[in-house]
Each structure stands twice: as C-alpha cells, then as structure tokens.
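Engineer: This note's numbering puts the first residue of the sequence shown at 4, with every later residue one more than the last.
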Amino acid sequence: MVTAMADRICHRGPDDCGTWVADDAGVALGHRRLAILDLSAEGHQPMGSPSGRFVCVYNGEVYNYLALRKQLEAKGYGFRGHCDTEVILAAFEEWGIEKAVSHFIGMFAMALVDRQAACLYLIRDRLGIKPLYYGWCQGTFLFASELKSMQAHPDWEGRIDRDALEQYFQYNYIPSPFSIYQSIYKLPAGCLLRVPLDRRLSPSDFSPYPEADLFIACPLRYWSAADVYRHGIQNPFAGSEGDAIEQLDHLLKDAVSIRMIADTPLGAFLSGGVDSSTVVALMQESSTLPVKTFSIGFSHEEFNEAKFAREIAAHLGTDHTELMVEPKDALAVISSLPAMFDEPFADSSQIPTYLLCKMTRNHVTVALSGDGGDELFAGYNSYYWTQALWERLRWLPTPVRPGLLHAVQLLLDHVGWVPADWSARWNALANNLYKGCGLGRCTSLEEMYERFQSVRHQTPALVLGGTNPDAFKDMPYYQTMMKLSDPLKKQMYRDVAQYMVDDILTKVDRASMAVSLEARVPVIDHRVVEFAARLPNSFLYREGKRKWILRQVLYKRVPAPLIERPKQGFGIPLHAWLAGPLRDWAEQYLDPARIAREGYLDAPQVQRIWVEHRSGRRDWKYRIWGLLMFETWLEANQNK
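Written as structure tokens, this is what we have:
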C-alpha cells in the first residue's frame, strides 16, 4: 500500500522510488526521488542513520550540508556518498532532532522514525516552502507531501470540511493548519510533530495548533515568524543605511550561492522585476558561464512582462529563453489544476506559473525564484493603501461609521442609468468606493488589512453549513499580529506567516513539482528573513519607492532605469477571459441548478455575483475564479 501511495506523487520524484516497513512498530515509509545531489544509488531513500536508530524520507534540500558534513567528519562520522540525506541523518545522531534542525538551512518536509524512542517525527521547514499533510482516516494515521498520496490508502474517507471551505472562500486558498478535508491538516511552517509509536492513539489525542499542551501530539515550533518579528521590532538594526545594504548584500549572495549547488542543470525564473532580477544578478556574478533564465509573456500588454525580462537578461548576459503564451495555451491548463493542487486553490497566477515551470523543465532540473521579496521588504501596495485608508476613516466616530458607509453602499447599489461614455469610469469608481466602504466598517487596522486580503469581505458567506466565516480572528497568526506594535510590520508578518506559505509558496511548489522541476527561493532564506524583520521602515519605503534597500543591492549590478516602472503582477487577463473565451465554460459551472444539486453553496448568492459581474456593476473576477476553481475541483474529486 505504501508503494501505491508513493506512486501517486511520482511527478515529485521520477528518478527513484523506495519503501521501508517496520511491522513491529506499525509504521511504513515511502519515497519518490528527484535526484539533484549525488545522482547515484547512494542517495536512495528511505535511508537509515549510521547506527540504525533513525530512518528518514524527505523532500527538499539542506543547502548547507557541505559545511555540516565537515563538522560531522571532524567528530568521526564517515559518509558513503555525497548527498545531503546522509548528512541530515548523521546530524540527528549527533545533535538530536530539534538542535539538528536548527542547524539546517533549506527547504524540507521530513518523516523520521526514531526506533530507539519508538516515535515518528514529521518536520517542515521554517518558511513552509515544502508541503506536509497528516491526519486520521478510520483509525489509520497518514502523512504525505500531497493529498493524492493519502487518497490511495483504502482507509481514505475524504469528507469535505465546510468550515475549511468557508475559509477558502475568504482567501481563495485554505490557510494552515486546515485542509479541505475533515481530520486532515497541514503541518504549520517551522514545526515538528512527534507521534508516539508505542501506544494506541486516536484523533482526539491530536491538535493541529502549535503548543496545544493538553494534547499528546501537537505541532511544536522550532522556529517562529512571530518571534522573529517581535524581536525585530524590539531590536531594530542600529547601523547606517550603508551598513544595512552591505549586510543584506552579503546575506543574499550566500543565500543564492548555496542554492546553486546541484549535480543537474540549473537556471532561474526572470520576470524583470526587482526580486527575480536581484537573484539572477547574484547568480550571474557567481557563475563563470551565462546563467540560463526563463520568462513568459502574454499578448495582452497589461500582463506582459517579457520585454522587461529580455532587457535585464541582455544587460546581465544570461542565456535567456522566452515563451509567448496565447490564450488557448493558458486555457488548456485549467482542466489539470484540480489534480495539480489537490485542494481548491484560486490564485489565477497559478496558470502562468505552471506554464513557466513547464517550459523551464525542458532545459533544467532546478530553477531559482525571486518569490518572497514583497513580503520581506514591504513591496505590496496594499500595505500603504490600507494604512492610508485607516488614517482617513478612523476620525469618524465608531458608532456612526458603519451606518454611514452602509448607506453609501446602498446608494451605489441603486444607482441606475449613467451616460454611455461615463459607464466604464463610473463602474471603476463605484467598485472602488464599494470596496472602501466595506473596509471602512472595520474596527482596527489589523481587521482592515485582513479583510483587504479577503475576496469575501463585500459579499455574504456562500457555504451552506459553514459556521465561522470570520475564523481568522481566532487564528494564532492574527492574535500575534494584533500584539505587534509596528503597523507596517504587522502586515508584513501576517503575509510571511500566512499568505506567502499558503498561497505563493503553495503555487510555486505544486506548479514546479507537477513537471518534476525543483524551485528554490533564496530571498526567503531564514537568515534574510531575520535580518529584514529588524530593518527600520525607512529602509523599506523611501521617496515613494517600495523595497528601497533591496533595490540598492540590485542597483549595484543593474541600472535603475531598467527597473524603475510601476509594479506589475504576475497574472492573467482574468476579467477579459471571463467576458470572452471563458464565459460559456463559467456559465456551465455556475449554473444555479448545478450549485443547488451539489448542496455546498448558496445558489442564489452565486447567481447574484455572476449576474452583477457580467453586467459590469461589480468587479467580482477573483470571487468568481474562486467559485470556478472549487467547482472544477469538486467535479474532479467527488468520486475519490
């Protein structure tokens, strides 16, 4: 059975497979290998430690394994090959679990059996780059990198969790620690879970929340983004801006260089923006050959970054490959999204991300990405828009504000005819006013930012039987955000702890692994995260420039005129597609009779949203994309 489970994720590891079964302990491990370091059989997993105490399977890389290997060799450890898995196991032997993990710089999801202590450990990297699911099905404890592995087990139940579905419609993704299924969870980033093997446990013995001490098994944090931001606010960087630029330059150089270690072809994604250009510039600086870079573009000019990437590639002298995507190419991807993501997931940039990964995999096995720069260096416009809106609205008395803003929304709802040449401008203005009024009823900056990030804040709850549409208020990350003293860092922390993990990194992991491509993200090396959290806000935003300090690192290598332009998202022309080539397809999935028959969503509300969007009265494109991604997922998974 464990072989069948592993084979479900052969795309994550097409080069080798292996299993290990301990009947006496009642545990089995399965692995699929994507060979990056030591392509020989010496890298085969599951792998045992030198003493035989530990047995490990893991997905990812520990980038500083060569430095750790030297330390362990000095202590008398010997190694057969030169893969990082051997080093990881020796580190566990020498330092124990938590101390060893604190030494690792990398991305990883691990399952480790400690035969001496009769326990299983599940371990996820600090930033949540690699996924790890676990949970109970009919008395069997299951874990895997993707849900499709767990679905291969005969005890799989797959009951949809309507509260998790409610959260999905809040954000267009399902936030950790929840999954779309009841009793199945995501291990939070920076956590390990210890599961005793010498006693019979049940679901009631587990908590998905870290540090839930009343339970036998709950996630334990070995690294905490909350602690990092608390420390950063309390102990800000005290040097000059020149010192800060120099230190960031050094950290990023090292983060990039250790991620260039591979025994297979390596390249990088290049959009032409600040983040990816910085990574590529540092790669090219460390390489004697032109770095292979990859970008895609769209014929729709608003979404086409290809020309900017081309200019950066020419300046840096990279070996650049570009793919221009036609609408038919992108639309063809939609049918594969439910299997790729396992859960409902509706960040529409999932489509270009997959197409970029697919093209890149034709040339290399490893690609570096610039993801994380916006979260770490305050690059999102939303940070500044919400703060500005909050400052403008907070002077309104709290008892008066909700009623006044609701009255404006009602007025907008009932505005009738406007001159034809005004309609586009009026609808854009009305949509912005409508959104602003919805946000204006918030009682704190934290709630305003949370609802700004939500795609649901202007529409009623859609899920039939969902019990808590505002569950975010009870989440640990939200409670931490409320306690931080710096308004900008509150928002940055929130995105590092939730949005980056469950949206950005999920998107990149599933899209890249679907084509057996390893994506590495040097900007969110935990040492860079810890440094960025200490930076004064004036180093992040200055003279209208977001990510000011990161730009200074880049401008040492790339002229500012090649970079200075308005921020452009990596997405698709979703509004145009829903009005054109996707309209008939969307009509099919949003049919009220279909929605009512399925029994999960409020069919009249779904129909209202679709009608308002088609008429142009409201821009619900992200809400509608979330509905469509749920409906296609449900269709693909209802018989599993």
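Don't be surprised by glycine CBs; every beta carbon is placed ideally from N, CA and C.
In this text, all values refer to a predicted model and were calculated from it rather than measured experimentally.
Identify the residues that DSSP records as bridge partners of Arg-127: which are they?
Structural biologist: Ala-112, per the DSSP bridge assignment.
Engineer: Expressed to the nearest angstrom, what Euclidean distance is found between the alpha-carbon atoms of Gly-270 and Leu-326?
Structural biologist: Going from the Cα of Gly-270 to the Cα of Leu-326 covers about 15 Å.
Engineer: Would you call the stretch 508-516 and the stretch 334-352 touching, i.e. three or more CB-CB distances under 8 Å?
Structural biologist: Yes, they touch.
Engineer: Please go through the same chain and pick out, in chain order, the residues whose beta-carbon is closer than 7 Å to the beta-carbon of Ile-598, but skip the five residues on each side of it.
Structural biologist: Around Ile-598: Leu-604, Ala-606 and Val-609.
Engineer: Which of helix, strand or coil does DSSP assign to Leu-652?
Structural biologist: Outside the shown range of the chain (4 to 643) lies residue 652, about which nothing can therefore be said.
Engineer: Just how far apart, CA to CA, sit Trp-420 and Leu-465?
Structural biologist: Reliability of the predicted coordinates at Trp-420 is poor, the pLDDT of 46 falling under 50, and the value obtained from them is presented with this limitation in mind. If I take the Cα positions, the gap works out to 29 Å.
Engineer: Below 7 Å CB to CB, which residues in the same chain sit around Ser-43 once its five sequence neighbours on both sides are set aside?
Structural biologist: Cβ within range, chain order: Gly-84.
Engineer: Taking 8 Å as the cut-off, does the stretch 30-49 touch the stretch 257-270 (at least 3 CB pairs, one atom from each stretch)?
Structural biologist: Yes, they touch.
Engineer: With a threshold of 16 other CB atoms inside 10 Å of the CB of Pro-422, please say whether the residue is buried or exposed.
Structural biologist: With a pLDDT of 46 at Pro-422, under the threshold of 50, the modelled position of this residue cannot be trusted, and the question is left open.
Engineer: Can you name, in chain order, every residue of its own chain whose Cβ lies under 8 Å from the Cβ of His-318, other than the five neighbours on each side?
Structural biologist: Cβ within range, chain order: Val-561, Pro-562 and Leu-565.
Engineer: Would the beta-carbon of Glu-169 fall within 9 Å of that of Gly-469?
Structural biologist: Cβ distance < 9 Å, so Glu-169 and Gly-469 count as in contact.
Engineer: When you compare each of Asp-332, Asn-67, His-253 and Ile-612 to Val-531 by their alpha carbons, which one comes out closest?
Structural biologist: When each option's Cα is compared against that of Val-531, the closest is His-253.
Engineer: Fully enclosed by the stretch 60-123, which beta strand (DSSP E) runs are 3 residues long or longer?
Structural biologist: For the stretch 60-123, whole beta strand (DSSP E) runs of length 3 or above, ordered along the chain, are 109-117.
Engineer: Would you say the stretch 216-235 touches the stretch 525-543, given that touching needs at least three Cβ pairs under 8 Å?
Structural biologist: The stretch 216-235 is in contact with the stretch 525-543.
Engineer: DSSP three-state call for Trp-23: helix, strand or coil?
Structural biologist: Three-state DSSP puts Trp-23 in a strand.
Engineer: Report yes if the CB atom of Ser-182 is closer than 9 Å to the CB atom of Ala-167, and no otherwise.
Structural biologist: Taking 9 Å as the Cβ cut-off, Ser-182 and Ala-167 qualify as a contacting pair.
Engineer: For Tyr-592, which of helix, strand or coil comes out of DSSP?
Structural biologist: Note: Tyr-592 maps to helix in three-state DSSP.
Engineer: Between the stretch 574-593 and the stretch 441-456, do at least 3 Cβ pairs fall closer than 8 Å?
Structural biologist: As far as the Cβ criterion goes, the stretch 574-593 does not touch the stretch 441-456, which means the pair count is below three.
Engineer: Between the C-alpha atoms of Glu-149 and Gln-185, what's the straight-line distance to the nearest angstrom?
Structural biologist: Their backbone Cα atoms lie some 15 Å apart in a straight line.
Engineer: Would you say Tyr-137 and Ala-121 are within 9 Å of each other, going by their C-beta atoms?
Structural biologist: In this structure, Ala-121 does not lie closer than 9 Å to Tyr-137 by Cβ.
Engineer: What separation, rounded to the nearest whole angstrom, lies between the Cα atoms of Leu-637 and Glu-521?
Structural biologist: So the alpha carbons of these two residues sit roughly 28 Å apart.
Engineer: Is the beta carbon of Pro-199 closer than 9 Å to that of Met-3?
Structural biologist: Residue numbering for the chain in the displayed model covers 4 to 643; residue 3 lies beyond these limits and cannot be assessed.
Engineer: Taking the continuous beta strand (DSSP E) assigned at Phe-475, which residues delimit it?
Structural biologist: Unbroken run through Phe-475: none, as it is neither H nor E.
Engineer: Tell me whether the beta-carbon of Ser-205 lies closer than 9 Å to the beta-carbon of Trp-139.
Structural biologist: It is a contact, given that the beta carbons lie within the stated cut-off.
Engineer: What does DSSP give as the partner residues of His-34 in its beta bridges?
Structural biologist: Beta-bridge pairing links His-34 to Gly-21.
Engineer: Alpha carbon to alpha carbon, how far is Trp-425 from Thr-389?
Structural biologist: With a pLDDT of 47 at Trp-425, under the threshold of 50, the modelled position of this residue cannot be trusted; read the value that follows with caution. If I take the Cα positions, the gap works out to 28 Å.
Engineer: Return the residue from the list Tyr-188, Glu-308, Gly-161 and Leu-115 that minimises the CA-CA distance to Cys-221.
Structural biologist: It is Tyr-188.
Engineer: Any idea if Pro-595 is buried or exposed, counting beta-carbon neighbours within 10 angstroms, 16 or more meaning buried?
Structural biologist: Under this definition Pro-595 is an exposed residue.
Engineer: In the structure shown, what three-state DSSP assignment does Thr-368 receive?
Structural biologist: Of the three classes helix, strand and coil, the one that applies to Thr-368 here is coil, per DSSP.
Engineer: I'd like to confirm the pairing. Which residues does DSSP put opposite Phe-57 in its beta bridges?
Structural biologist: Beta-bridge pairing links Phe-57 to Asp-117.
Engineer: Determine the extent of the alpha helix (DSSP H) in which Val-231 is found, giving its start and end residues.
Structural biologist: Unbroken alpha helix (DSSP H) run through Val-231: 228-237.
Engineer: State the Cα-Cα distance for the pair Lys-331 and Pro-584, rounded to the nearest angstrom.
Structural biologist: Answer to the nearest angstrom: the Cα atoms are 9 Å apart.
Engineer: What span of residues does the alpha helix (DSSP H) with Ala-9 cover, start to end?
Structural biologist: Its alpha helix (DSSP H) spans residues 5-10.
Engineer: DSSP state of Gly-320, grouped into three classes?
Structural biologist: Gly-320 falls in the coil class under three-state DSSP.
Engineer: Locate the alpha helix (DSSP H) running through Arg-395, then write down its first and last residues.
Structural biologist: Segment 384-396, the alpha helix (DSSP H) holding Arg-395.
Engineer: List the residues that DSSP assigns as beta-bridge partners of Tyr-452.
Structural biologist: The partner list for Tyr-452 (beta bridge, DSSP) is empty, contrary to what the question assumes.
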